[in-house]
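Below is one structure, written out as structure tokens; the observations come after it.
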Amino acid sequence: MHDPRTALVLFSGGQDSTVCLAWALDRYARVETIGFDYGQRHRVELECRPRVLAEVRHAFPAWAEKLGADHLLDLALLGQISDTALTSARAIEMAGNGLPTTFVPGRNLLFLSFAATVAYRRSAGVLVGGMCETDYSGYPDCRDNTLKALQVALSLGLDQPLVIETPLMWRDKAQTWALSNELGGGTLNDLIVEHTHTCYLGDRSQRHPWGYGCGQCPACDLRRRGYEIYNAG
Numbered sequence: 084m085h086d087p088r089t090a091l092v093l094f095s096g097g098q099d100s101t102v103c104l105a106w107a108l109d110r111y112a113r114v115e116t117i118g119f120d121y122g123q124r125h126r127v128e129l130e131c132r133p134r135v136l137a138e139v140r141h142a143f144p145a146w147a148e149k150l151g152a153d154h155l156l157d158l159a160l161l162g163q164i165s166d167t168a169l170t171s172a173r174a175i176e177m178a179g180n181g182l183p184t185t186f187v188p189g190r191n192l193l194f195l196s197f198a199a200t201v202a203y204r205r206s207a208g209v210l211v212g213g214m215c216e217t218d219y220s221g222y223p224d225c226r227d228n229t230l231k232a233l234q235v236a237l238s239l240g241l242d243q244p245l246v247i248e249t250p251l252m253w254r255d256k257a258q259t260w261a262l263s264n265e266l267g268g269g270t271l272n273d274l275i276v277e278h279t280h281t282c283y284l285g286d287r288s289q290r291h292p293w294g295y296g297c298g299q300c301p302a303c304d305l306r307r308r309g310y311e312i313y314n315a316g
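End of the sequence shown = 316 in the working numbering, gap-free, step of one.
Right under this line is the structure:
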């Protein structure tokens, strides 16, 4: 039995959001996707999004029947007011506040707020995001308590129930690869390797067993280690 609600998936074109998309397609009667152009340094992910969606539709016909519209929002202002390693050519390192320079303040708060606005218009009662508190860089807007509080605020502000689902919250990257396999088998894992993008530097010139990327940045390292642990298990 599938949940009759419509889910709106925050879909970047990366590994985590693709697994979340598969998770939603496995559960909900209808699924739509939303992405954000915020001047990200790795904007190649925006080019990966339509390819990943097309590959999912081709490889999984049953999911294709439930996969609806894709929405891409222009949030260039976020990039203009941010001074981070994801929105400018800065070094990726730890800042004085104990957070990495890849932290974009308020990014997930804004993403979910704009997604909630679209969800209201599209009669979607569920938002699905790949936020994770297990394998993450310490971003405060990825924490479970942050998202629970935001769920309450958005539901009150819209005067109707809105659920934020985070299926990866308590999974490390190896468990994320395992979930992908559980949902779509080797076909989905191969799709993730070939077509999704995670590298912070936007490098798609180097192909590794786990996918494309520079192989050095924290995002690549996390994806590589998770892939190796998953395959060694």
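A virtual CB, placed ideally from N, CA and C, is assigned to each residue, including glycine. Predicted model, so just to flag it, every value in this text is computed and none were measured.
With distances taken between CB atoms, is the gap from residue i to residue j smaller than 7 Å?
| i | j | result |
| --- | --- | --- |
| Ile117 | Leu150 | no |
| Lys256 | Leu210 | no |
| Asp99 | Leu251 | yes |
| Asp120 | Asp166 | no |
| His278 | Val102 | no |
| His291 | Gly97 | no |
| Glu128 | Ser95 | yes |
What does DSSP give as the partner residues of residue i in its beta bridges?
| i | result |
| --- | --- |
| Arg290 | Tyr295 |
| Tyr111 | Asp86 |
| Gly118 | Leu155 |
| Leu251 | Note: Leu251 sits in no beta bridge, so no partner. |
| Val92 | Thr116 and Val211 |
According to DSSP, is residue i helix, strand or coil?
| i | result |
| --- | --- |
| Ala152 | strand |
| Gly41 | Past the edges of the chain, shown from 84 to 316, lies residue 41, and the structure says nothing about it. |
| Leu230 | helix |
| Leu245 | coil |
| Pro188 | coil |
| Leu284 | coil |
| Ile164 | helix |
| Tyr222 | coil |
Leaving out five residues before and five after residue i in sequence, what residues of the same chain have Cβ atoms less than 7 Å from its Cβ?
| i | result |
| --- | --- |
| Asn272 | Trp260, Ser263 and Asn264 |
| Leu241 | Ala199 and Tyr203 |
| Gly285 | Arg124, His125, Arg126 and Val127 |
Which stretch, first to last residue, makes up the alpha helix (DSSP H) that contains residue i?
| i | result |
| --- | --- |
| Val139 | Val127 to Ala142 |
| Gly267 | Lys256 to His278 |
Identify the continuous beta strand (DSSP E) that holds residue i and give its terminal residues.
| i | result |
| --- | --- |
| Leu210 | Val209 to Val211 |
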